[in-house]
Amino acid sequence: MKDFTSKVIRGIKPSGIRKFFDLASTIEGCISLGVGEPDYDTPAHITEAGSRSLIEGNTFYTSNQGMPALRQEIRSWVKKKYGLDYEDNEVLVTVGGSEAIDLAIRACIEPGDEVIIPQPSYVAYPAEVTMVGGIVKTIPLQAKNEFRLTPAELEAAITPKTKAIILNYPNNPTGAIMEKADLEAIVPILIEHDLLVITDEIYSELTYGSNHVSIASFPGMKERCIYVNGFSKAFSMTGWRLGYTLAPASIMKQMIKIHQYVIMCAPTPAQYAALEALRHGQNDVVAMREDYDDRRKFMLGEFKRIGIPCFEPKGAFYLFPYIGNYGKSSEQFCLELLEQEKLIVVPGNAFGDSGEGFIRVSYASAVEELADGIERLERFIKRI
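Numbered according to my numbering, the sequence shown spans residues 5 to 388.
Below, the structure written as structure tokens:
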């Protein structure tokens with residue numbers, strides 16, 4: 005019998021992150037510093053709002069776009085944060101930020117279109133561009149630049165076929181940020197070449213030492229940006245699977261069309277929980293951010309102590325230390341670390357070739373677990 009599966013899908017590599025989680029499930033006593041998930045419970049008042057919606061019988065479909073009240077709160081949120089004004093028909097509530105990214109790519113990218121992806125990057129971006137027949141054009145970012153995208157790197161990557169760029173700051177996996185001056189330097193290039201920008205700002209509430217700036221807030225950018233965000237990271241709502249996206253009406257019309265056929269609407273109880281989060285959850289965000297900052301500083305100090313180079317990330321909850329001096333590939337390093345010390349971290353090349361020589365370490369865990377993980381890592385590097 006012939007193979008009925010798609011050649012395109014067969015050619016896409018499975019997630020390099022999931023490989024390690026699957027291995028870990030077979031090893032007792034593992035510590036995971038690889039997962040990109042807050043270790044906090046969803047704040048009680050947010051959970052109660054979701055539960056209350058079930059008790060009150062709010063278990064039916066909402067509007068395809070999401071509950072009107074939630075859409076209004078999202079519009080108010082981005083207005084307050086970034087001074088961005090969106091109309092109601094420019095907002096869509098999605099099943100996590102992941103669906104929003106998928107919709108943006110499917111609505112705008114056609115076969116043969118080039119999409120620039122600065123790397124290391126979130127693992128889904130290249131796969132999703134490939135699925136629609138787009139051509140991935142990577143920019144290898146440099147640790148010496150703190151993994152920020154420079155104007156020279158951007159200009160060099162653009163060709164007549166370039167249609168879009170996917171930006172993710174604060175960044176997964178590096179924890180890098182782009183400050184206002186960094187964004188100001190690339191905005192003229194994006195406008196000159198008439199590029200679409202898909203800006204994934206899911207970690208926007210987790211920056212340390214400076215406030216996050218959205219590239220959509222610069223003059224001439226809102227009309228060429230698809231803004232993606234969600235509730236997973238800021239409000240510790242990963243399992244609720246709720247995100248949102250804002251885009252010009254002409255683009256959003258096509259994104260909603262795909263959403264209607266594939267999803268119908270995001271889960272109703274999760275929308276009620278998200279409404280509570282936006283209305284009354286800012287203190288929760290501040291408390292978590294301060295705690296993450298303490299963990300970030302602790303981990304940076306520990307990496308310095310044990311002699312593993314690591315630039316200072318100022319966003320998200322990841323470190324991206326360099327392990328290229330140990331004579332092992334990133335994947336080999338991580339596999340042996342798991343086998344010998346039962347510690348999970350993620351090889352940097354899971355996020356693109358430019359991540360080779362690095363590992364991603366999440367500090368979204370209790371300090372006691374972080375300390376135990378560092379102890380295991382230190383034993384391992386002394387041994388090798």
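Ideal Cβ positions, reconstructed from N, Cα and C, are used throughout, including at glycine.
Original post:
Are three or more beta carbon pairs between the segment 113 to 122 and the segment 253 to 260 nearer than 8 Å?
Top reply: These segments do not touch.
Original post:
Does the separation of the CB atoms of ILE250 and VAL82 fall below 8 Å?
Top reply: Counting from one through the sequence shown, the residue named residue 250 turns up at place 246. Counting from one through the sequence shown, the residue named residue 82 turns up at place 78. What sits at residue 250 in the sequence shown is Leu, not Ile. Judged by beta-carbon spacing, VAL82 lies within the 8 Å limit of LEU250, meaning their Cβ atoms are closer than that value.
**OP:** Mind listing, in chain order, the continuous alpha helix (DSSP H) runs of no fewer than 4 residues lying wholly within the segment 305 to 366?
**Re:** With a minimum length of 4 residues, the continuous alpha helix (DSSP H) runs that stay inside the segment 305 to 366 are 334 to 345.
**OP:** Please work out which residues of its chain come closer than 6 Å, Cβ to Cβ, to SER208, disregarding the five sequence neighbours upstream and downstream, and give them in chain order.
**Re:** As a working note, residue 208 is residue 204 in the sequence shown. So the list reads HIS216, once near-sequence residues are dropped.
**OP:** Measure the alpha-carbon distance for GLY101 versus MET241 and round it to whole angstroms.
**Re:** As a first step, residue 101 must be located in the sequence shown, where it is residue number 97. As a first step, residue 241 must be located in the sequence shown, where it is residue number 237. In this structure, the straight-line span from the alpha carbon of GLY101 to that of MET241 is close to 12 Å.
Subject >> Coil, strand or helix - ILE16 by DSSP >> reply: Within the sequence shown, the letter at position 12 stands for residue 16. Note: ILE16 maps to coil in three-state DSSP.
Original post:
Leaving out the 5 sequence neighbours to the left and right, which residues in its chain are closer than 6 Å to ALA131 when beta-carbon positions are compared?
Top reply: Here residue 131 is taken as the residue at index 127 of the sequence shown, counted from 1. Excluding sequence neighbours, ALA131 sits near ILE16.
**OP:** Output the residue ranges of the beta strand (DSSP E) runs that lie fully inside the segment 139 to 172 and measure 3 residues or longer, sorted by chain position.
**Re:** You should have 139 to 144, 166 to 171.
Subject >> Buried versus exposed, by CB contacts within 10 Å (16 or more), PRO122 >> reply: Walking along the sequence shown from the start, residue 122 turns up at place 118. Buried.
**OP:** Check whether the segment 304 to 314 touches the segment 348 to 356, taking contact to mean three or more Cβ pairs, one atom from each stretch, closer than 8 Å.
**Re:** Touching, no.
Original post:
Any chance the segment 126 to 145 sits against the segment 159 to 168, with 3 or more Cβ pairs inside 8 Å?
Top reply: Note that the segment 126 to 145 touches the segment 159 to 168; at least 3 beta-carbon pairs, one per stretch, sit closer than 8 Å.
Subject >> Residue span of the alpha helix (DSSP H) that contains THR272, given as start and end >> reply: For the purposes of this step, residue 272 is identified with residue 268 of the sequence shown, where counting begins at 1. The continuous alpha helix (DSSP H) containing THR272 extends over residues 272 to 284.
**OP:** Take ALA3 as the anchor and find which of TYR86, ALA370, VAL365 has the nearest alpha-carbon.
**Re:** This structure cannot speak to residue 3, because the chain is shown only from 5 to 388.
**OP:** Verify whether the separation of the beta carbon atoms of ILE50 and ALA277 is less than 8 Å.
**Re:** On the sequence shown, position 46 is the one that residue 50 refers to. On the sequence shown, position 273 is the one that residue 277 refers to. Closer than 8 Å, so yes.
Original post:
Is it buried or exposed for VAL201, if we count other Cβ within 10 angstroms and need 16 for buried?
Top reply: Counting from 1 along the sequence shown, the entry for residue 201 is found at position 197. Under the 10 Å beta carbon count, VAL201 is surrounded by 16 or more other beta carbons and is classified as buried.
Original post:
Taking DSSP as the reference, what is the three-state secondary structure of VAL39?
Top reply: Taking the first residue of the sequence shown as 1, we reach residue 39 at position 35. In the structure shown, VAL39 falls within a coil segment according to DSSP collapsed to helix, strand and coil.
**OP:** With distances taken Cα to Cα, identify the nearest neighbour of VAL349 among TYR65, ASP357, GLY331, ILE327.
**Re:** As a position in the sequence shown, residue 349 is number 345, starting the count at 1. Nearest C-alpha to VAL349: ILE327.
Subject >> Stretch-stretch touch, CB-based, cutoff 8 Å, three pairs: the segment 266 to 273 with the segment 287 to 302 >> reply: No, because fewer than three Cβ pairs between the segment 266 to 273 and the segment 287 to 302 fall closer than 8 Å, the two stretches do not touch.
Original post:
Hey, which unbroken runs of the alpha helix (DSSP H) at 4 residues or more fall wholly within the segment 179 to 206?
Top reply: Runs found: 184 to 196.
Original post:
Are the beta-carbon atoms of LEU374 and ILE78 separated by less than 8 Å?
Top reply: Here residue 374 is taken as the residue at index 370 of the sequence shown, counted from 1. Here residue 78 is taken as the residue at index 74 of the sequence shown, counted from 1. In this structure, LEU374 lies away from ILE78, with their beta-carbon atoms at least 8 Å apart.
**OP:** Could you check if MET29 is buried or exposed, using at least 16 other CB atoms within 10 Å of its CB as the buried criterion?
**Re:** Translated into positions along the sequence shown, residue 29 becomes position 25. The displayed chain sequence assigns Ser, not Met, to residue 29. SER29 sits exposed, since fewer than 16 C-beta atoms from the chains shown fall within 10 Å of its C-beta.
Subject >> Classification of GLY179 by the beta-carbon crowding that lies within 10 angstroms, buried from 16 upward >> reply: Counted from its first residue, the sequence shown places residue 179 at position 175. Counting Cβ neighbours within 10 Å, GLY179 comes out buried, since at least 16 surround it.
Subject >> Member of ASP43, VAL365, VAL97 whose CA lies at the smallest distance from the CA of THR66 >> reply: For the purposes of this step, residue 66 is taken as residue 62 along the sequence shown, with counting starting at 1. Per the Cα distances, VAL97.
**OP:** Scan the segment 57 to 130 and note each continuous beta strand (DSSP E) run of 3 residues or more that stays entirely inside, going in chain order.
**Re:** You should have 95 to 98, 118 to 123.
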